[in-house]
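Chains as they are written, first to last, in numbering that gives the first Met the number 0: chain E, 0 to 401; chain W, 0 to 401; chain U, 0 to 401; chain L, 0 to 401.
4 protein chains.
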Amino acid sequence: MGIKGIRTALKVDLDKPARDQPGLHNRWHPDIPAYGKIANNEVVKIECLDWTGGQIGNNDSADDVKNVDLTQIHYLSGPFDIETAEPGDVLLVEIQDVQPFQDQPWGFSGVFHQKNGGGFLDQHYPKAAKAIWDFEGIFCSSRHIPHVRFAGLIHPGILGCAPSTEVLTEWNRREDRIVAQPPNAMNAHAGSAGEDIKERVAKEGARTIPGRPEHGGNCDIKNLSRGSKVYLPVHVPGAKFSVGDLHFSQGDGEISFCGAIEMAGEITLKFSVIKDGMAKLSMKSPIFHAGPVEPQFGPGRYLTFEGFSVDEKGKQHYLDATVAYRQTCLRVIEYLRRYGYSDYQIYLLLSCAPVQGHIAGIVDIPNACTTLGVPMDIFDFDIRPEADIVKRDMGACAITQD
Amino acid sequence: MGIKGIRTALKVDLDKPARDQPGLHNRWHPDIPAYGKIANNEVVKIECLDWTGGQIGNNDSADDVKNVDLTQIHYLSGPFDIETAEPGDVLLVEIQDVQPFQDQPWGFSGVFHQKNGGGFLDQHYPKAAKAIWDFEGIFCSSRHIPHVRFAGLIHPGILGCAPSTEVLTEWNRREDRIVAQPPNAMNAHAGSAGEDIKERVAKEGARTIPGRPEHGGNCDIKNLSRGSKVYLPVHVPGAKFSVGDLHFSQGDGEISFCGAIEMAGEITLKFSVIKDGMAKLSMKSPIFHAGPVEPQFGPGRYLTFEGFSVDEKGKQHYLDATVAYRQTCLRVIEYLRRYGYSDYQIYLLLSCAPVQGHIAGIVDIPNACTTLGVPMDIFDFDIRPEADIVKRDMGACAITQD
Amino acid sequence: MGIKGIRTALKVDLDKPARDQPGLHNRWHPDIPAYGKIANNEVVKIECLDWTGGQIGNNDSADDVKNVDLTQIHYLSGPFDIETAEPGDVLLVEIQDVQPFQDQPWGFSGVFHQKNGGGFLDQHYPKAAKAIWDFEGIFCSSRHIPHVRFAGLIHPGILGCAPSTEVLTEWNRREDRIVAQPPNAMNAHAGSAGEDIKERVAKEGARTIPGRPEHGGNCDIKNLSRGSKVYLPVHVPGAKFSVGDLHFSQGDGEISFCGAIEMAGEITLKFSVIKDGMAKLSMKSPIFHAGPVEPQFGPGRYLTFEGFSVDEKGKQHYLDATVAYRQTCLRVIEYLRRYGYSDYQIYLLLSCAPVQGHIAGIVDIPNACTTLGVPMDIFDFDIRPEADIVKRDMGACAITQD
Amino acid sequence: MGIKGIRTALKVDLDKPARDQPGLHNRWHPDIPAYGKIANNEVVKIECLDWTGGQIGNNDSADDVKNVDLTQIHYLSGPFDIETAEPGDVLLVEIQDVQPFQDQPWGFSGVFHQKNGGGFLDQHYPKAAKAIWDFEGIFCSSRHIPHVRFAGLIHPGILGCAPSTEVLTEWNRREDRIVAQPPNAMNAHAGSAGEDIKERVAKEGARTIPGRPEHGGNCDIKNLSRGSKVYLPVHVPGAKFSVGDLHFSQGDGEISFCGAIEMAGEITLKFSVIKDGMAKLSMKSPIFHAGPVEPQFGPGRYLTFEGFSVDEKGKQHYLDATVAYRQTCLRVIEYLRRYGYSDYQIYLLLSCAPVQGHIAGIVDIPNACTTLGVPMDIFDFDIRPEADIVKRDMGACAITQD
C-alpha cells in the first residue's frame, strides 16, 4: 500500500565531534568498514555534515576559514554496502532530493588563505574571506554580498564508491610527483574501523580533495542536483558508497576552493546496480544525466565574459584552458567591481552562484578561449552593459587582515 | 515609412578566387584599407566565404581536407569603418541573423591531418576525415554520420576589430616563443591594399587562427548565434571591423579544429558605438549577451561525461583543464562507438553538434574535472545508458588512407 | 547572526478530525477569527491537510472518492493577520518552498462520480476513480498508472485573503442564479470562532470551490510553485490570509476536479505588504511571477493535441474555449489508449501531470482552438507518432462499479 | 552529392492582384485543382502573400484595416498534390523554416472595426487600429508601440489538407445555425479552376476564417514555428495541401483577430505520408510536435495575470474559459496602461507578442480561471510590480476616428 516514509540510513550529530562518529570517514580506502547495508533499488536518506565537519561558524569573521584544519577534510557519510554490487558493476545513484537541515538554514562560502589551501585566484587574492548565506526555501541570500539572491542548484560535491587496492595504489603512485595532498595520517578518520585498519587507512588512504577518473569522488559538478542520475564504477564488493560535501549552490569551477555554499543536510538517494555495467557502458569514469528542475534563466539572461590563455603578465600559454578560465574570472571581477562590490565579494560570488563556465575554443593555436556566463537575474539591479552604473553601498564580506 | 530592405555591405563571388576579391582579407593588420563604411546604428548584411575560401568540396573524399592550404586561412569579410568609432570605444554588434546561401545549402566538418593542422585528439586520430552536412531549414544531417539530425546553433566563428600597431606588436612579441602560427607572407591577402601595404601586411600581419584577448577574433564561441549582442574593443579609428568563418553549428571546443559545420553565407549585423566604452565597462576582452532562440533541449536531455587531468598513460597533470577536456572527449567516443559509429565519425560529431563543455572543478588539487554534455535528442535512437544497445550500420565518413 | 530556523505558524494534527482543529476553516468569511499574526516581511511555515481533510486513503478502492463529503471541502490553514495590511493594500506572498510531510510521502488523484462532484469529462466518464502517487524526492509515480514518472510542479491550489462583507455579498448575489455551490451550513468550519460567528459563517460563508476574481482563492494554477511571487488584493484589516489544497503536481485545467496529486504538507511563505497596492498596480485580480525552477522539458519535448469548439455530437459552439478544451482532452485519451491504458487512467494522468493547456485561437469565428501539450519525457517509452506502438500491461486504477 | 538547393513549388507576385494568381485560392473545397505536385519526402519552398493579399499598407493610417475586404480572405498557396497520399493517411509536414521576403522586411497587426470583423475585445475597443512592425533579423519592433522589441515566433497561421465532399457538407451543415461566415461567392478565388468548378467553389466552398477539427486549417497556433512537425488528416486523393497566413509572431488567442504580425514570405516544408495514419494514430484532429528553437525566456521571466468567468458587468458565467480569457486580457491592459501606452496599443501588443494564454482551472464551479503570461524581456524597461512606474511618451498606433 505505498511507501510509508523513507529510511534514514545515517544520522549525524551536529553537536558531537565528527571524528567520534562512526558513520563518517575522511579518507578513501577499501578497508574502511561498511557502516550499513542498502538494498538494490532501495531509497534512503543519508545525513551529512558540512565538509569541514563544523569548523566554520555563522559569524562575521574569516578567522575560522583562515585557520581551517584541512587534514580533517572531507567528512563523508558512509561507506555503505549496496546489495549485489560487485567489482565491474555500475552503481546507478538517483539523487532524489537534497535539503539543508530545517533548523540550520544557512551555509558558507570561503576563500582560503594562500598559505592554507589557497584557490584559483590566490595570486591575486591571498587573504582568507567568508560569506554566510541564509536559506529561504529554495533561495539564498547573504548579508555579506548584498543585492544578490538566487535559487540554489543544490547538490553533493562528493559521491563515489571506494577504490580497490589496485586503484588506490595507482592513485598514490601517480599523485606522488605532483603538488597533491598525499596520504596524511593526521586526523584521518576511518569510520568504525578497528585499530589495525585505522592505522592502514591513515597511512595509505587517499585524500578526498581531488576527484579522480576511476570513481568520481570530489567532482564538484554543480549540475548533480535534484533528479540527477549518476552512473558510478564499482571497484570493491558491495561498492562501499560514500557521499558528502553538500552544496546549496556552486558555480562552474568552484573557484575559491571552499567556494560553494557549504552546508550540512540530508540527501535522498535511490540505488540500483547494473550488473557488469562498466563493460556494457564502456565506462572508465562516471557519467550522469541531470534532472529537469535546474533553475532556468533562459539563454538570453546571461552576461558572458571571454578569457584567453594569455596571463596577466602578457605571457602566452599554449592552449591552456586553465589559464584562460582564470583570465575569464578576472574579467568578471573587473566588470562587477564597478557597482561597488569588493573583489573578494565577487570572488566569493563567482564561486557559489550558478555561473556557467564553458570551454569555447581549444584548438585555435596558441589560445584557448573560455567563457563565463553570469545569470543577470541573481542581481536586483540591472547589470547589462547598456544600463546605467549606480555605485551602491555593498557592505563587506568577512576578511582577514593578512 | 519603415525600412524597405537591408543594405548588403559586401557581396562575395563564389566563382572567383578569394584572393582576387578586394572585400576579403586573411590577416589582422591596422593598415588593411577599409572596404566600406557603415553608419552608427545601421543594419547591414555581409556575405562571407567559408573559412577556407572554397577549398573543400561536397564529395566523399577527405583529400581536400588533408591537403588544405592553411596559409590562406581565414578569408574574412571587411574590414569596415564604423562611423564615429574611435580607439577606446566599444563596438556593440548585434547579430540579427545568420544564414547559409540559399543555393548552397550544405557545409562541412573536417578532421585535419596531424601533419597539416592537427586537432585536439590528433595523437589518437592522426588521419584527415570529413563529413558533409546538408541543411534543411534550421536542421542539418549528414550522409557521413547517419541517425543524427539537429537544429543549427548558427554563428560566426570570427568577428573583431583591427588591432592597433601597438596591439599587433604585442601579439607578435608574445606569440614568438610558442608553437603559434607566426606571420606568414605566403598567400597573405590584404584586401584592397596597394603594393606597399600589401607587403607590410604580409610580413607583420597576425594570423587569424587564434582568438586573442584584446579584440576577440577567432573565438569560436558557439553561442554567438542569432540575437546575440557582442561588445568589442575598438583599437583603431573607424574600428575596422571584420567577420567570417560562419558556422552552421559547433560544439564547445570545436575539437577537430575544422570541426564546426563550416559554410559560406550571409550575416545580418547592427552596429552601435559606445563612446569611451572600454573605460566605462572596464573591458579588456569582449563580452556578450546571447539571444533567446538557442536550441533548448531541457536540462534533463543531456547525457554528460566526466573527465579528469590524468592522461591516457596514467600521467597526472596539475589542474589542467585542457588535459581533462581531452579525456572527457575520449570518454564520449568510447561510449558512442558501441552503437556502430567509427571513432572518426564521433570525433567529427563532437566538433559540430551543440555539445556543452563545462569546467566543473578547477581547484581540487591535483585534478581538474570537466564535463561534456551530449544532447540526446540529436540521435534518432535512445542513447540513455538504460536503453538497449543496438548496433547499427553507420556507414562511414570520408577518411584518408594515412 | 543569520536566521536560526523558520517559525511554524500552524501545525496540523493528522490524527485529529479537521473540524476540531481551530487553525483550519472551510468557508470564506470576513468574520472568521484570525488564528495568528505574521509580521510584515516574515517567513513562516504553515502546515496543511489535504483538501478533503483526510477522507481519502492510500488503498486500491475508489469508494472513498465516490462517497467524499464535499460539504467539508476545502480545509484551509488560517486565516492569518498580516501586520500592517489594510484594505486596498496588496499582499505579496513569496512561495519559498512546498513539501509533503516526510512521513506521508504519497498523494492521490481522483475522478469524482458524476453524481457527487463530477468533473470536466463526466459525461464520458461518470464513475469514480482513483490513483495513489508515491513520492521519491522530487519525483512521483503510481502503481495505478504504470510507465509514468515525473517531477512534481508542487504548489498550493488555494491561497487568498478574506473577502470583505461587500465582496462576500457580491459573491453570494452573482452566484445565486447559476449552478454553483451556494453557502451550505452543513459541516461548515469557522476556525476558532464562537457560536454566533460560527452560525453566521455557516449561513453566509462562501464555498471554497471556485476561485474568484476579487481575491484569487482556488485558482488551481499549476505554476504557483517554488519561488513564485503572488500579488493578492487585501479586503479586510490584517488581510486574513489562508492557504491550503496543496498539490504535488497538476495539469492545466485540473480536469478531473480532484485531479491534482492532492497531499498534506507544509508550505514556506514570505509576506510583504505593498501599501495602497491595488491602486498602484491597477489590480483587480491577483497577478504572479513564477520561479525559475519549474521542470523544463524543452519546447521540442511536448506532443501537442488540437481541439475545437465542435462537440462530440457535431454541434457547433461559438468561440467556446471550454468546449474546445474538452475536445482536446478527448483527443489525447484516444491517442494514449493505444498503448494499453484505460480511459480513466489517462483522464487521471491528464489531471495531474504537468500538461500545458493553451488557448491558441479565440477569434476565428465560429471555432475556438485550444491545445494540450503532453510532456513526452514523463513516459518511460516513446510516445512519438513515428515510434512503434507496443501495447503494454498497464494494470488498472481504482474504479467504482457504477 | 548532397542537395543543391531547394525547389520553390510556388512563387507569388507581389505586384499582381491575388485574384489573378492561379497558385492561390481563398476557399476550402475538394474541387479546387491542384496547382502542382510534391513528391513524398520532398522538401520545397512555397511563397505566400499576407492573408489579406496586400490590402494593408506600411503607413500610419488604419483606414485600410477598417475597410478591409474580408470576402477575399485568406489567400492561401496551393493546393498541392502530395504523391501517394490517400484519404485515411496522415500527412506529416515538417516546418523547416519560415522567412519574410528579404525586400519586404515588415508586417502589420490590426484591430478590426467592430462593424467589419471585430475581435475579442470589440465591445471595449470598437475602432480600427494598426501597428507596423519592422523586422531586423529575428527581431521586430514597431514605431507604433515603442519600448518593445522581441524575437519572432514565426509560423503559418493556416495549413491543412482539402476537405472531402462529405467533410465539406458537414461543415456547411453545422456552421449554418451560428454566426459563422457562411459560403460567400463574392471574391471567391478557386485557383486555376475552370468556370464550372469556380462557380461551385464560390457557392459551396468553406470560408477559411475558422480552424476546423477535421483538418486543422486556420488554427493560429503560435508554436507551429521553425522545426515543428505537424500531423494532418488526409481527406482527398493527393491530400491537396494548402498553406498561408504567415505570422512573424503571435500571442495565444491572436485576440485582435488581425492580431498576429501578418506578413508575406516563404515557408520551407518537408512532406511525408504516413499510410493509414488516421487509424494508426487514432487521430481525428491534427497533432504536432514543436521544434527546439522557440524563444525561451525562462519560467521566471513572465508576469502572469489571472482572469475569471465573471464579466465586467458582474455577471457570472458557468465555467466559461472564453469569458475568463477576455477578463484576463483586460487585466493586462489595465496594468500596462500605467506606463503610458494607450489601450489600443496594448490590445495590439497582446495579439502579436509571444504571450502565453493558459487554461488554469476549468472545474471549480462556477468559475473558469485562465492566465496570461507576458514575457517581461520584450520591454526595454522594468515592468515588475516592484519596479518604479515611469510614465513614458509612448506615441500612438494608427487608429480610426470612429
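From the three backbone atoms N, C-alpha and C, an ideal C-beta is built for every residue, glycine too. Predicted model, so just to flag it, every value in this text is computed and none were measured.
> My guess is that U:GLU46 and U:GLU265 are in contact by the Cβ rule of under 8 Å, so how many angstroms apart are they, rounded?
Replying inline: If you number the third sequence from 1, residue 46 of chain U lands on position 47. If you number the third sequence from 1, residue 265 of chain U lands on position 266. For U:GLU46 against U:GLU265, the beta-carbon gap comes to about 5 Å, under 8 Å, which counts as contact.
> Should the segment 162-176 of chain L be regarded as contacting the segment 199-207 of chain L, the criterion being three or more beta carbon pairs within less than 8 Å?
Replying inline: Contact between the segment 162-176 of chain L and the segment 199-207 of chain L is present, because at least three Cβ pairs lie under 8 Å.
>> Just to confirm my understanding: we take W:ASN115, look at its own chain, exclude 5 residues before and 5 after, and list those with CB closer than 8 Å. What are they?
In response: In the second sequence, the residue the question calls residue 115 of chain W occupies position 116. Cβ within range, chain order: LYS65, ASN66, VAL67, LEU69 and ALA127.
> By the criterion of Cβ-Cβ separation under 7 Å, what are the contact partners of W:ARG225 in chain L?
Replying inline: As a working mapping, residue 225 of chain W is identified with position 226 in the second sequence. Residues of chain L passing the Cβ test: GLY136 and ILE137.
>> With a threshold of 8 Å between beta-carbons, can U:PHE380 be considered close to chain L, or not?
In response: In the third sequence, counting from the first residue as 1, residue 380 of chain U sits at position 381. In terms of beta-carbon proximity, U:PHE380 stays away from the interface with chain L, with every pair separated by 8 Å or more.
>> Under DSSP, the alpha helix (DSSP H) around E:VAL64 begins and ends at which residues?
In response: By 1-based counting over the first sequence, the position of residue 64 of chain E is 65. First-last of the alpha helix (DSSP H) with E:VAL64: 62-65.
> When you check each C-beta in the segment 139-155 of chain U against every C-beta of chain W, which residues fall closer than 9 Å?
Replying inline: Cβ contacts with chain W: ALA150.
> For L:GLY360, which residues does DSSP report across the bridge?
Replying inline: Here residue 360 of chain L refers to the residue found at position 361 of the fourth sequence. Beta bridge pairing from DSSP links L:GLY360 with U:GLY252 and L:CYS368.
> Would you say E:ALA84 and E:LEU91 are within 8 Å of each other, going by their C-beta atoms?
Replying inline: As a position in the first sequence, residue 84 of chain E is number 85, starting the count at 1. As a position in the first sequence, residue 91 of chain E is number 92, starting the count at 1. No, these two residues do not count as a Cβ contact at 8 Å.
>> Give me the subset of the segment 291-306 of chain W whose CB atoms are less than 9 Å from a CB atom of chain U, sorted by chain position.
In response: Going along the segment 291-306 of chain W in chain order, one finds PRO294, GLN295, PHE296, GLY297, PRO298, GLY299 and ARG300 with a Cβ nearer than 9 Å to chain U.
> If we cut at 8 Å on Cβ distances, does L:PRO86 have a partner in chain W?
Replying inline: For this step, residue 86 of chain L is matched to residue 87 along the fourth sequence. So no, L:PRO86 is outside the interface.
>> Report the CB separation of W:CYS328 from W:SER248 in whole angstroms; it is logged as a contact under 8 Å.
In response: On the second sequence, position 329 is the one that residue 328 of chain W refers to. On the second sequence, position 249 is the one that residue 248 of chain W refers to. At roughly 17 Å, the Cβ-Cβ gap does not stay under 8 Å, so W:CYS328 and W:SER248 are not in contact.
>> If I measure Cβ to Cβ from W:ALA184 and keep anything under 7 Å in the same chain, skipping five residues before and after, which residues do I get?
In response: By 1-based counting over the second sequence, the position of residue 184 of chain W is 185. Closer than 7 Å at Cβ, skipping near neighbours: ALA201 and LYS202.
>> Please return the same chain residues whose Cβ sits closer than 8 Å to the Cβ of L:VAL235, not counting the five positions on each side in sequence.
In response: As a position in the fourth sequence, residue 235 of chain L is number 236, starting the count at 1. These residues qualify, in order along the chain: PRO29, PRO86, CYS160, ALA161, PRO162 and SER163.
>> I need the boundaries of the beta strand (DSSP E) containing L:TRP170, first residue and last residue.
In response: To locate residue 170 of chain L, count along the fourth sequence from 1; it is residue 171. Counting along the chain, L:TRP170 falls outside any beta strand (DSSP E), though it belongs to the alpha helix (DSSP H) covering 164-173.
>> Checking 8 Å against the spacing of the C-beta atoms, do U:GLY290 and L:PRO298 come in under that value?
In response: Counting from one through the third sequence, the residue named residue 290 of chain U turns up at place 291. Counting from one through the fourth sequence, the residue named residue 298 of chain L turns up at place 299. Yes, they are a contact pair.
>> Assuming U:ALA320 is part of the alpha helix (DSSP H), what are its boundary residues?
In response: In the third sequence, residue 320 of chain U corresponds to position 321, counting from 1. Run containing U:ALA320: 320-335, per the alpha helix (DSSP H) assignment.
> Going along the chain, which unbroken runs of the beta strand (DSSP E) with 3 or more residues stay wholly within the segment 113-158 of chain W?
Replying inline: Runs found: 128-135, 138-141 and 144-150.
>> Here's the rule: buried if 16 or more other CB atoms are within 10 angstroms of the residue's CB, otherwise exposed. What is L:VAL229?
In response: For the purposes of this step, residue 229 of chain L is taken as the residue at position 230 of the fourth sequence. L:VAL229 comes out buried.
>> Taking its Cβ as the centre, do 16 or more other Cβ atoms sit within 10 Å of U:PRO21, making it buried, or is it exposed?
In response: Counted from its first residue, the third sequence places residue 21 of chain U at position 22. Flag for U:PRO21 reads exposed.
>> Check for me: the beta strand (DSSP E) holding L:VAL309 runs from which residue to which?
In response: Working through the fourth sequence from its first residue, we reach residue 309 of chain L at position 310. Here L:VAL309 belongs to no beta strand (DSSP E), and DSSP marks it neither H nor E.
> DSSP on E:GLN95, reduced to helix/strand/coil?
Replying inline: Position 96 of the first sequence holds residue 95 of chain E. Strand.
> If you count every other CB in all the chains shown that lies within 10 Å of the CB of U:ASN25, and 16 or more means buried, which is it?
Replying inline: For this step, residue 25 of chain U is matched to residue 26 along the third sequence. Of the other Cβ atoms in all chains shown, 16 or more fall within 10 Å of the Cβ of U:ASN25; this residue is therefore buried.
> From L:GLU311 to L:ALA320, what does the alpha carbon distance come to, in whole angstroms?
Replying inline: Residue numbering aside, residue 311 of chain L sits at position 312 when the fourth sequence is read from its first letter. Residue numbering aside, residue 320 of chain L sits at position 321 when the fourth sequence is read from its first letter. Looking at the two C-alpha atoms, the distance is approximately 15 Å.
> Is the CB of U:VAL64 under 8 Å away from at least one CB in chain E?
Replying inline: The residue given as residue 64 of chain U occupies position 65 in the third sequence. Not an interface residue.
> What are the residues of the segment 356-377 of chain E that lie near chain L, defined by any Cβ-Cβ distance shorter than 8 Å?
Replying inline: Interface annotation for the segment 356-377 of chain E against chain L: ASP376, criterion Cβ-Cβ distance under 8 Å.
> Excluding sequence positions up to five away, which residues of its chain have a Cβ less than 7 Å from the Cβ of E:HIS288?
Replying inline: Along the first sequence, one-based indexing puts residue 288 of chain E at 289. In the same chain as E:HIS288, and ignoring 5 residues on each side of it, the C-beta atoms closer than 7 Å to its own belong to SER227 and LYS228, in chain order.
> Which residues in the same chain as W:TYR301 place their Cβ atom closer than 8 Å to its Cβ, once the five residues preceding and following it in sequence are excluded?
Replying inline: Taking the second sequence and counting its residues from 1, the one referred to as residue 301 of chain W is at position 302. Leaving aside the five residues that flank W:TYR301 on each side, the residues in its chain whose CB is nearer than 8 Å to its CB run, in chain order, GLN355, GLY372, VAL373, PRO374 and MET375.
>> Residues of chain L with CB closer than 8 Å to the CB of W:GLY117, please, in chain order.
In response: Along the second sequence, one-based indexing puts residue 117 of chain W at 118. Correct list: empty, because the minimum Cβ distance to chain L is about 27 Å.
> Closest Cβ-Cβ distance between L:GLY252 and chain U: below 8 Å?
Replying inline: Mapped onto the fourth sequence, residue 252 of chain L falls at position 253. Put simply, the CB of L:GLY252 is near chain U, with a gap under 8 Å to one of its CB atoms.
>> In the DSSP output, what is L:GLU46 paired with across the bridge?
In response: Sequence index remark: in the fourth sequence, residue 46 of chain L carries index 47 (1-based). The partner list for L:GLU46 (beta bridge, DSSP) reads L:GLU265.
>> So for U:GLN344, helix, strand or coil by DSSP?
In response: Sequence index remark: in the third sequence, residue 344 of chain U carries index 345 (1-based). In this structure, DSSP gives U:GLN344 a helical state, which the three-state scheme calls helix.
> Can a CB atom of chain L be found closer than 8 Å to the CB of U:SER281?
Replying inline: One-based indexing of the third sequence puts residue 281 of chain U at position 282. At least one C-beta of chain L is nearer than 8 Å to the C-beta of U:SER281.
>> Using only the alpha-carbon positions, how far apart do L:LYS15 and L:LEU9 sit?
In response: Within the fourth sequence, the letter at position 16 stands for residue 15 of chain L. Within the fourth sequence, the letter at position 10 stands for residue 9 of chain L. Taking the straight line from one Cα to the other gives about 15 Å.
> When the Cα of U:LEU231 is compared with those of U:ASP379, U:ASP12 and U:SER281, which residue comes out closest?
Replying inline: One-based indexing of the third sequence puts residue 231 of chain U at position 232. Nearest option by C-alpha distance: U:SER281.
>> Quick check: is the beta carbon of U:GLY4 nearer than 8 Å to any beta carbon in chain E?
In response: What you label residue 4 of chain U is simply residue 5 of the third sequence in a count that begins at 1. By this cut-off, U:GLY4 is an interface position.
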